[in-house]
Amino acid sequence: MQIVIIGNSIACVSAIREIRKWDKKSSITVISKESLDPAMPYYSPVVLPYYIEGKLSKENLFSIRIDFYNEMNVDVKLGERVIAVEPKERIVVTEKSKYFYDKLLIASGASPRILDISGARNKKVYVLRTYEDAEKIKSDDSKEVVIIGGGPVGVEAALSLLKFKKKITIVEIAPYIMSTVFSRTVSEMIEKQLVERGVEVLKNEEPIEISGNPVKSVKTNKRKIKCSSVIMGVGVVPNTDFVKDVLKLGPRNGILVDERMQTSEPDIYAAGDCIELRSLIDGSIRPFPVWSNAQETGKVAGANIAGCDLTYEGGIRVNALNVFDKAYFSIGDVYDESKRMKEIERDGRIEFYYFSNGNLIGAEIIGDVKYAGLLKNIIKRKPSIDIDVFNGIQDFIGVTVPAVKHLSLGYFT
Numbered sequence: 005m006q007i008v009i010i011g012n013s014i015a016c017v018s019a020i021r022e023i024r025k026w027d028k029k030s031s032i033t034v035i036s037k038e039s040l041d042p043a044m045p046y047y048s049p050v051v052l053p054y055y056i057e058g059k060l061s062k063e064n065l066f067s068i069r070i071d072f073y074n075e076m077n078v079d080v081k082l083g084e085r086v087i088a089v090e091p092k093e094r095i096v097v098t099e100k101s102k103y104f105y106d107k108l109l110i111a112s113g114a115s116p117r118i119l120d121i122s123g124a125r126n127k128k129v130y131v132l133r134t135y136e137d138a139e140k141i142k143s144d145d146s147k148e149v150v151i152i153g154g155g156p157v158g159v160e161a162a163l164s165l166l167k168f169k170k171k172i173t174i175v176e177i178a179p180y181i182m183s184t185v186f187s188r189t190v191s192e193m194i195e196k197q198l199v200e201r202g203v204e205v206l207k208n209e210e211p212i213e214i215s216g217n218p219v220k221s222v223k224t225n226k227r228k229i230k231c232s233s234v235i236m237g238v239g240v241v242p243n244t245d246f247v248k249d250v251l252k253l254g255p256r257n258g259i260l261v262d263e264r265m266q267t268s269e270p271d272i273y274a275a276g277d278c279i280e281l282r283s284l285i286d287g288s289i290r291p292f293p294v295w296s297n298a299q300e301t302g303k304v305a306g307a308n309i310a311g312c313d314l315t316y317e318g319g320i321r322v323n324a325l326n327v328f329d330k331a332y333f334s335i336g337d338v339y340d341e342s343k344r345m346k347e348i349e350r351d352g353r354i355e356f357y358y359f360s361n362g363n364l365i366g367a368e369i370i371g372d373v374k375y376a377g378l379l380k381n382i383i384k385r386k387p388s389i390d391i392d393v394f395n396g397i398q399d400f401i402g403v404t405v406p407a408v409k410h411l412s413l414g415y416f417t
């Protein structure tokens, strides 16, 4: 059997590992558009801010070497952009070649969203998604940096640049930063730490123009900010243009998949940031562009490609962030603070728990997040919880739970 995987992400790596558990013989070809050192074809975008800051060397950034692919008997094609998939002919078309497949996995990921404003593509306007992006930011000597977007990418970019004594301004259109990840209460804790270290945080401000080529300033609806570089972190869009005419896409242009990661076409699977799937919390169909979901959906896709029958219980947002000496973790729906029905402080750790109709739907932990991975299983199983006596994650430490799997702490993918 000929298996082709588009994209060399964590979804791809997870799929390869799972396929090879059950199928040692089939041919696997991975096609990646990035032109990387063939000896070091894989890195995790999650840790790019640590590479920029200097906490992580290039050798440690590229955590999976060609030895892994050789051991798994995988042929890696780097620097080839896929331009089309032809399901009837079972062919993947790249700019350089064509590849036949019996089973296809699309793990093409997502790309940074670029604001539709004047100057958005000028020189010294950066995004942070790839190794190439990180190299550009790392080598830039700008002393004044505007970060557009106060989400995970923007905040982690700010944290990575602070040691270089740059003047950093975050411009966020929402009333508070990290609004897609944490509650307002927790977001304000993070903002306080940033401001104490000299970061200027401007909320309820909309960028409307970037001036200069290279950059000289950013204009918002309230002011003009002098700067010599910009980092744009305003979300991602799935890389699905090459299949928009052959596969069913969701409302946000992600590939629609079922619980087995099967797409609308036979023998074509998809996983990671390029998909839309059912939410574990409320059943809605949407993307979940975080590392843990990419890892888990890749595993499910790989198992089913290999002929097993493995299902995914649903997508859920999982995010972890280190701000100086403090860890922040969130899972599930934590945005409506009226649903926060339990607050626990112990051993230097703060825990917030969110409930709907008696079921745990989300949680935030500040401090020691060692056991945070248990929370997904609690949310998934929907056990009966007496909120009055509920003692948080402490109730589940050391408890044997059937079919519980460890959840890796996720970041933006």
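For my numbering, count along the sequence shown from 1 and bump the result up by 4.
Yeah, the Cβ is synthetic: ideal placement off N, Cα and C, and Gly gets one too.
Since we're looking at a predicted model, the values are computed, not measured.
*Among K102, K59, E63, G216, the one whose alpha carbon lies nearest that of V86*: Counting from one through the sequence shown, the residue named residue 86 turns up at place 82. Comparing Cα positions, the closest option is K102.
*Since I believe K128 is in contact with S232 (beta carbons under 8 Å), could you give me their beta-carbon distance rounded to a whole number of angstroms?*
The sequence position of residue 232 within the sequence shown is 228, counting from 1. The sequence position of residue 128 within the sequence shown is 124, counting from 1. Confirmed, about 7 Å.
*asked:* Comparing C-alpha positions only, which one of S67, I35, L40 sits nearest to V50?
replied: As a working mapping, residue 50 is identified with position 46 in the sequence shown. For the residues S67, I35, L40, the minimum Cα distance to V50 belongs to S67.
_Residue closest to N217, alpha-carbon to alpha-carbon, out of R125, E204, A298, K142_ = Sequence index remark: in the sequence shown, residue 217 carries index 213 (1-based). If we check each option's Cα against that of N217, R125 comes out closest.
*asked:* Using C-beta distances below 6 Å, list every residue in its chain close to E441, excluding the 5 sequence neighbours before and after it, in chain order.
replied: It is not possible to answer for residue 441, since the shown part of the chain is limited to 5 through 417.
_Inter-residue spacing [alpha-carbon to alpha-carbon] between I118 and M236_ = Taking the sequence shown and counting its residues from 1, one reaches residue 118 at position 114. Taking the sequence shown and counting its residues from 1, one reaches residue 236 at position 232. Each residue's alpha carbon lies about 7 Å from the other.
*asked:* Does the region 194–208 come into contact with the region 179–186, if we say contact requires no fewer than three beta-carbon pairs (one atom in each stretch) closer than 8 Å?
replied: yes
_Continuous alpha helix (DSSP H) assignments of at least 4 residues falling wholly in the region 84–164_ = 135–143
*Is it buried or exposed for R201, if we count other Cβ within 10 angstroms and need 16 for buried?*
Translated into the one-based positions of the sequence shown, residue 201 becomes position 197. Exposed.
*Taking the C-alpha atoms as reference points, what is the distance between P179 and R256?*
As a position in the sequence shown, residue 179 is number 175, starting the count at 1. As a position in the sequence shown, residue 256 is number 252, starting the count at 1. The straight-line gap from Cα to Cα measures roughly 24 Å.
*Relative to the alpha-carbon of R290, which residue among Q299, C278, S296 has its alpha-carbon at the smallest distance?*
Residue mapping note: residue 290 aligns to position 286 of the sequence shown, counting from 1. Among Q299, C278, S296, the Cα nearest to that of R290 belongs to C278.
*Out of K248, R69, E209, which has the shortest C-alpha to C-alpha gap to E90?*
As a first step, residue 90 must be located in the sequence shown, where it is residue number 86. Selected option, being the one with the closest Cα: K248.
*Straight-line gap, V405 to N381 (C-alpha atoms, nearest Å)*: Here residue 405 refers to the residue found at position 401 of the sequence shown. Here residue 381 refers to the residue found at position 377 of the sequence shown. Summary for V405: the model assigns pLDDT 42, below 50, so the residue's position carries little reliability; its value from the coordinates is reported in the next sentence. One C-alpha to the other measures close to 9 Å.
*What's the gap between the Cα of D245 and the Cα of E38?*
Counted from its first residue, the sequence shown places residue 245 at position 241. Counted from its first residue, the sequence shown places residue 38 at position 34. Cα-Cα distance, rounded: 17 Å.
*Less than 8 Å between the CB atoms is what I'm expecting for I35 and E84, so what's the real figure, rounded?*
For the purposes of this step, residue 35 is taken as residue 31 along the sequence shown, with counting starting at 1. For the purposes of this step, residue 84 is taken as residue 80 along the sequence shown, with counting starting at 1. Going by Cβ atoms, the distance from I35 to E84 rounds to 5 Å, so yes, they are a contact pair.
*Going by the CB atoms, is the gap between N323 and V294 shorter than 8 Å?*
Along the sequence shown, read from residue 1 onward, the residue named residue 294 stands at position 290. Along the sequence shown, read from residue 1 onward, the residue named residue 323 stands at position 319. Result yes, Cβ atoms of V294 and N323 sit closer than 8 Å.
*T315 versus G302 - alpha carbon distance*: Numbered from its first residue, the sequence shown carries residue 315 at position 311. Numbered from its first residue, the sequence shown carries residue 302 at position 298. Between T315 and G302, the C-alpha separation is close to 11 Å.
*List the whole-angstrom C-beta distance separating V213 from I121, where the pair is believed to meet the contact cut-off of C-beta under 8 Å.*
On the sequence shown, residue 213 is found 209 positions in, with the first residue counted as 1. On the sequence shown, residue 121 is found 117 positions in, with the first residue counted as 1. Here the sequence assigns Glu to residue 213, which means Val is not the residue at that position. Indeed they touch by this definition, with Cβ atoms about 6 Å apart.
*Give the C-beta separation of A275 and A298 to the nearest angstrom, bearing in mind that I take them to be a contact with Cβ-Cβ under 8 Å.*
If you number the sequence shown from 1, residue 275 lands on position 271. If you number the sequence shown from 1, residue 298 lands on position 294. Correct: roughly 7 Å between the Cβ atoms.
*asked:* Tell me which residues share the same chain as V261 and place their Cβ nearer than 7 Å to its Cβ, disregarding the 5 neighbours each side in the sequence.
replied: Translated into the one-based positions of the sequence shown, residue 261 becomes position 257. If we look at V261 and ignore the five residues flanking it on each side, its Cβ neighbours are T267, A274, I279, L281.
_8 Å Cβ cutoff met for T33 and V17_ = Here residue 33 corresponds to residue number 29 of the sequence shown, with the count starting at 1. Here residue 17 corresponds to residue number 13 of the sequence shown, with the count starting at 1. Taking 8 Å as the Cβ cut-off, T33 and V17 do not qualify as a contacting pair.
*Could you give the C-beta distance for V222 and V159, rounded to a whole number, given that I count them as a contact under 8 Å?*
Your numbering for residue 222 matches position 218 in the sequence shown. Your numbering for residue 159 matches position 155 in the sequence shown. About 18 Å; that fails the 8 Å criterion.
*asked:* According to DSSP, simplified to helix, strand and coil, what is G11?
replied: In the sequence shown, counting from the first residue as 1, residue 11 sits at position 7. Coil.
*What's the gap between the Cα of V408 and the Cα of V234?*
The residue given as residue 408 occupies position 404 in the sequence shown. The residue given as residue 234 occupies position 230 in the sequence shown. Because the pLDDT at V408 is just 34, under 50, the model does not fix this residue reliably, and the value given afterwards should be weighed accordingly. Rounded to whole angstroms, V408 to V234 spans 43 Å at the Cα level.
*asked:* Check this for me: beta carbons of I348 and G396, under 8 Å apart or not?
replied: The residue given as residue 348 occupies position 344 in the sequence shown. The residue given as residue 396 occupies position 392 in the sequence shown. Taking 8 Å as the Cβ cut-off, I348 and G396 qualify as a contacting pair.
*Counting only runs of 3+ residues fully inside the region 237–270, write out the beta strand (DSSP E) ranges in chain order.*
240–242
_DSSP three-state label for L413, please._
Position 409 of the sequence shown, counted from the first residue, corresponds to residue 413. Its pLDDT being 42, under 50, L413 is placed unreliably in this model, and the coordinates cannot settle the point.
*Within the region 294–371, note down every full alpha helix (DSSP H) run reaching 4 residues or more, in order along the chain.*
295–309
*Going by CA-CA distance only, name the one from A88, G113, E210, E300 that's closest to G154.*
Residue 154 sits at position 150 when you count from the first residue of the sequence shown. Nearest C-alpha to G154: E210.
*If you measure from the CB of S30, is any heavy atom of the ligand NAD nearer than 7 Å?*
Ligands are entirely absent from the displayed structure, and the ligand NAD is therefore not among its contents.
_Rounded to whole angstroms, what is the Cα-Cα separation between N74 and I309?_
By one-based count along the sequence shown, residue 74 stands at place 70. By one-based count along the sequence shown, residue 309 stands at place 305. Distance between the alpha carbons of N74 and I309: 20 Å.
*asked:* Let's see if you can read the secondary structure: which residues bound the alpha helix (DSSP H) around L281?
replied: Taking the sequence shown and counting its residues from 1, the one referred to as residue 281 is at position 277. Segment 279–282 is the beta strand (DSSP E) holding L281; no alpha helix (DSSP H) there.
_Contact belief for R353 with G336 at Cβ below 8 Å, rounded distance in angstroms_ = Along the sequence shown, one-based indexing puts residue 353 at 349. Along the sequence shown, one-based indexing puts residue 336 at 332. Their Cβ separation, rounded to whole angstroms, is 18 Å, which puts R353 and G336 out of contact at 8 Å.
*asked:* At the level of alpha carbons, what is the spacing between K81 and P242?
replied: As a position in the sequence shown, residue 81 is number 77, starting the count at 1. As a position in the sequence shown, residue 242 is number 238, starting the count at 1. Taking the straight line from one Cα to the other gives about 21 Å.
_Simplified DSSP assignment, three categories, for I70_ = Within the sequence shown, numbered from 1, the residue matching residue 70 stands at position 66. Note: I70 maps to helix in three-state DSSP.
*Take L206 and list the residues in its own chain whose beta-carbon comes closer than 6 Å to its own, dropping the five residues that flank it on each side.*
The sequence position of residue 206 within the sequence shown is 202, counting from 1. Cβ neighbours of L206 beyond the five flanking positions: V175.
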